[in-house]
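Protein chains in written order, with this note's numbering: chain W, 9 to 430; chain U, 9 to 430.
Beta carbons are placed, not taken as given, at the ideal position from N, Cα and C, and that holds for glycine.
A short write-up of the structure that comes next.
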């Protein structure tokens, strides 16, 4: 894509009302635009990253045996009254509204109240189990504080998967597979997410949260410096500096962003909607459920919190909006012609490239914008490189550059090693 | 995918509260599920069709030069007050709600109020024009009647594109390109959509609607039996049976479904938000806008209204949930083994197959369900075909069948002609 035609423009200054690193950098670089506190527009660059994250998650959910669905956001009051959640937590969390004829609706912040009665239409026998469905969908929450950019939105995108089982053993088997899938997802998008024990509600001892340790986090994680003990401070009986209850070594308290959680719901919702199955003898039992969430827009924000420097964002390759940023450094005929040619070669190789072809920007502006936008691989054509029939290749995160002959550009992309992301 | 594991199940009976053909067939076949009037869940089969429609539309929008974005559904009152639409049409159309601190929001039923101030952040010079952005996104409308299944939803999915231009000539040039793209989209999804003149509002003589003639339609189209004159009855000066104002021949009045519309907004919204650009001499002008909508969920409903028979849906190949429906007719070891082998071959060829492997369904049930689900190509393995080392191939819409040797199955898919859809 030609950068001169891109809908967004990078900006020198962050919006004055943003405090979080993710919102400042993503806004300045033209990935998102704030409509109001907690609601952002995803601009072409931002949507490309979001779709990369989405595809990584979708692949893993399909692999788990999840079937993709799409459930409504506009939900009838009746479903939420069946579980008591219309009143508690009620408006503390949920946007509630009245339409024509004073009909009452809520905007979905989770979908147990929709997916459980839906599953009841298709599940009646042990032969119909196990099942798992998921969606990637917009959710709404009336957050009291919405000041952390994409980390806490009033409107945000989630993947939520719901699983259905005959018994606890089958639920736990699936739950453990989901834990592994989650670890792979976070690693793929460039996040080092800890598995942290958290409150299991009334029905389970623990749930598990996936927490990314970073100063921008709103949660506190207590974890052992030696073993794999890690708990959300909300449930932990030990404080930072104390002794690990598992191995006795020291635990630390650190800020972290919760990017996913998994939860054994057991029969909390199947009881409310009488979702049962008949076993081989014809006896009825409640279906046991699990739920598994990942906040996609929060993951996007967390990636930026973790992967940036003083100049801008540094995207992990798997989620970067483009694979390479091609820059015609000077507005000189030979440089333009050389960069056009390189662009043609890259397109033929199927490499997704943002081509900075802007005529009126200085070399300095182009490099500053490229630092801000953060595409992991940069290809610069300048009068100097043209003289050597070459293109300068530089990883966003590194100082070193490499000269590649124009004729070797296609081969370079076929054989190069992916940039390492910790 | 193995049909025995599919989340949904086909049902003999339509939900008692559905009157439209599209909702009855799509519900019975397990593509959608009604949560309440005007709000449906898209089940795995339905979502697959929706994604096929989405990809056809996305390809054409990118080809037009559109850049994909995603704008919020939850929108501040202030933006809608700027154009007067908070009050008029106001609650007639829009769900309006209050959140914490009595802050007022509306749920987006269109996005001019969001995209115009957004464009103002990036467009200031003639050099920034033209531009076009689009989204594929969930919209909300507080419809008084929501009884036509997917044809009129309170929550529905739309593609809306907005274009920005320096002058009317440039706007019209883009508008005409969009008309051609729309015609291609509807043809691709299997709809014969007329281009119909409709009200242009206060600023243009006409807008254009894309109307699919079918008894289920809620609009009336007046069209000439000979020339290409076609108008929405709302603006037409001639009645059905009258003389065509263009060629003098007879016009008819027919019911039709509006699946898309395109509209020259000109400066209606750029004036409200002071979206202007500087020309080469530094003089300010309002940016001229166009908007271009397609209802994806409505398209899905319209396809079913047009493509069905007394037994069920007949999907056009381009949008079908699977390319082929493979059926193991009898629950006999040789048939099961033969069908498993065929399934393996088809998967290796990259053919998307729904494999009816259900052990407890009779041959009759399987064929009845296949008729209802409507995958355009059916592959049946039975004791009879096994004896001939073959598989029976049948187009959903036709009576004739063809026997293909197991060993020729891969070749058949490489060379077969696509099923024709009018």
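Are the CB atoms of residue i and residue j nearer to each other than 9 Å?
i: residue 34 (chain W); j: residue 302 (chain W); result: no
i: residue 304 (chain W); j: residue 58 (chain W); result: yes
i: residue 252 (chain W); j: residue 120 (chain W); result: no
i: residue 237 (chain W); j: residue 124 (chain W); result: no
i: residue 80 (chain W); j: residue 122 (chain W); result: yes
i: residue 179 (chain W); j: residue 272 (chain W); result: yes
i: residue 311 (chain U); j: residue 197 (chain U); result: yes
i: residue 36 (chain W); j: residue 144 (chain W); result: no
i: residue 248 (chain W); j: residue 259 (chain W); result: yes
i: residue 365 (chain U); j: residue 347 (chain U); result: yes
i: residue 280 (chain W); j: residue 91 (chain W); result: yes
i: residue 325 (chain U); j: residue 367 (chain U); result: no
i: residue 409 (chain U); j: residue 146 (chain W); result: no
Can you tell me which of the options puts its alpha carbon nearest to the alpha carbon of residue i?
i: residue 222 (chain U); options: U:196, U:257, U:319 and U:159; result: U:159
i: residue 195 (chain U); options: U:183, U:220 and U:226; result: U:220
i: residue 161 (chain U); options: U:30, U:327, U:426 and U:407; result: U:30
i: residue 297 (chain U); options: U:141, U:104 and U:90; result: U:141
i: residue 10 (chain W); options: W:368, W:351, W:401 and W:421; result: W:351
i: residue 129 (chain W); options: U:306, U:323 and U:23; result: U:23
i: residue 111 (chain W); options: W:398, W:97, W:82 and W:326; result: W:82
i: residue 254 (chain W); options: W:409, W:137 and W:233; result: W:233
i: residue 127 (chain W); options: U:98, U:193, U:40 and U:85; result: U:40
i: residue 263 (chain W); options: W:256, W:242 and W:280; result: W:242
i: residue 174 (chain U); options: U:106, U:63 and U:275; result: U:275
Is the Cβ of residue i closer than 9 Å to any Cβ of chain W?
i: residue 108 (chain U); result: yes
i: residue 41 (chain U); result: yes
i: residue 78 (chain U); result: yes
i: residue 38 (chain U); result: yes
i: residue 330 (chain U); result: no
i: residue 126 (chain U); result: yes
i: residue 50 (chain U); result: yes
i: residue 82 (chain U); result: yes
i: residue 87 (chain U); result: yes
i: residue 355 (chain U); result: no
i: residue 47 (chain U); result: yes
Within its chain, find whatever has a CB closer than 7 Å to the CB of residue i; leave out the 5 residues flanking it on each side and keep chain order.
i: residue 27 (chain W); result: 155
i: residue 287 (chain U); result: 134 and 293
i: residue 38 (chain W); result: 16, 17, 18, 51 and 53
i: residue 383 (chain W); result: 323, 328, 329, 330, 332, 333, 362 and 404
i: residue 176 (chain U); result: 296
i: residue 187 (chain U); result: 203, 216 and 270
i: residue 239 (chain W); result: 204, 205 and 230
i: residue 359 (chain W); result: 331, 332 and 421
i: residue 340 (chain U); result: 391
Which same chain residues end up closer than 8 Å to residue i when comparing Cβ atoms and leaving out the 5 residues on each side of it in sequence?
i: residue 433 (chain W); result: Lying before the first or after the last residue shown, residue 433 (chain W) is absent from chain W, which here runs from 9 to 430.
i: residue 189 (chain W); result: 68, 69, 71 and 72
Compare the C-beta of residue i with all C-beta atoms of chain U and state if any pair is closer than 9 Å.
i: residue 17 (chain W); result: yes
i: residue 13 (chain W); result: yes
i: residue 182 (chain W); result: no
i: residue 44 (chain W); result: yes
i: residue 134 (chain W); result: no
i: residue 443 (chain W); result: Nothing can be reported for residue 443 (chain W), as the shown portion of chain W is limited to 9 through 430.
i: residue 285 (chain W); result: no
i: residue 103 (chain W); result: yes
i: residue 122 (chain W); result: yes
i: residue 129 (chain W); result: yes
i: residue 115 (chain W); result: yes
Spatial neighbours of residue i within its chain, please: CB distance less than 6 Å, with the 5 preceding and 5 following residues excluded, ordered by chain position.
i: residue 313 (chain U); result: 29, 30, 222 and 224
i: residue 103 (chain W); result: 115, 148 and 150
i: residue 157 (chain U); result: 28, 30, 31 and 309
i: residue 47 (chain U); result: 162 and 163
Original post:
Taking a cut of 7 Å between CB atoms, which residues from the segment 137 to 171 of chain U lie near chain W?
Top reply: 139, 141, 146, 148, 150, 152, 162 and 163
Subject >> Residues within the segment 250 to 278 of chain W neighbouring chain U, beta-carbon criterion of under 7 Å >> reply: Per Cβ criterion, the list is empty.
Original post:
Name the residues in the segment 53 to 77 of chain W whose C-beta lies less than 7 Å from a C-beta of chain U; which are they?
Top reply: Only 55, 75, 76 and 77 from the segment 53 to 77 of chain W bring a Cβ to less than 7 Å from some Cβ of chain U.
**OP:** Taking a Cβ distance cut-off of 9 Å, strictly less, list which residues of the segment 396 to 408 of chain W are near chain U, in chain order.
**Re:** Taking 9 Å as the upper bound on Cβ-Cβ separation, chain U lies near no residue of the segment 396 to 408 of chain W.
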